[in-house]
Amino acid sequence: MTKYVTPDLCDAYPELVQVVEPMFSNYGGIDSFGGEIVTVKCHEDNSKVKELVDTNGTGKVMVVDGGGSMRHALLGDMLAEKAEKNGWEGIIVYGCIRDVDVIMETELGVQALGTNPLKTDKRGIGDINVDVKFGGVVFKPGHYVYADNNGIIVSPQALEMPEE
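Next comes the structure, spelled out in structure tokens:
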């Protein structure tokens, strides 16, 4: 698994990267991750997140636009464990997650705004693979996202870590 260092990527590809405004915290067992963007746009309903974690996520990062809502968790331990099992590189949640002690034990990158123990209602509402915007950046399906303890960056193309 590649260890991504976002400051090094920013230095190597200044013309390509956009930096997401700092607001996210790392909660996953892997603190450095990256891959092709797959988006979910949902509000206090994680039905589409549940659908996607059941698919092959190899080389992909799920970017969940929960509208920044802090009222419900859009990701919990069971969904994180399914995502890990299906090869997802990571999940970025513009909203809250729960079951963080278990999520920290998974081989999955997870960043979110915060935590909330309350689960969502499942009403089947949400969109998959639409452009989403938060943190001053547009996340486009098929583009790439990289995240570590320094922050989150996006690029229209895959980036290689520069040689030491």
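Following the numbering used here, the numbering of the sequence shown begins with 5 at its first residue and continues without gaps. Virtual Cβ for every residue (Gly too), placed ideally from N, Cα, C. The model shown is predicted, which means the values in this text are computed figures rather than measured ones.
Specify, as a first and last residue, the run of the alpha helix (DSSP H) that residue i falls within.
i   : result
S51 : 51-57
Can you round the beta-carbon distance between residue i and residue j to whole angstroms, since I take them to be within the 8 angstroms contact cut?
i    : j    : result
V141 : A116 : With 8 angstroms as the limit, V141 and A116 do not qualify as a contact, their Cβ atoms being about 16 angstroms apart.
G72  : G99  : 6 angstroms
Give the secondary structure of residue i by DSSP, where H, G and I count as helix, E and B as strand, and everything else as coil.
i    : result
E109 : coil
T10  : helix
D81  : helix
K89  : helix
D69  : strand
V158 : strand
D103 : coil
D15  : helix
V117 : The sequence as given places Leu at residue 117; Val does not occur at that position. Of the three classes helix, strand and coil, the one that applies to L117 here is strand, per DSSP.
K126 : coil
CA-CA distance, residue i and residue j?
i    : j    : result
E1   : G155 : Residue 1 lies beyond the residue range present for the chain, which begins at 5 and ends at 168; the question has no answer from this structure.
L79  : P18  : 32 angstroms
D12  : D58  : 33 angstroms
A162 : V68  : 20 angstroms
N90  : G63  : 11 angstroms
G33  : K144 : 25 angstroms
D15  : D125 : 42 angstroms
S159 : G146 : 10 angstroms
D103 : F138 : 24 angstroms
I101 : G38  : 19 angstroms
K54  : L83  : 6 angstroms
H76  : Q22  : 28 angstroms
Between which two residues does the beta strand (DSSP E) carrying residue i extend?
i    : result
F138 : 136-138
Y31  : Here Y31 belongs to no beta strand (DSSP E), and DSSP marks it neither H nor E.
T43  : 37-45
D152 : 148-152
V142 : 141-143
Could you say if the segment 120-139 and the segment 41-57 meet the contact criterion of at least three C-beta pairs nearer than 8 angstroms? yes
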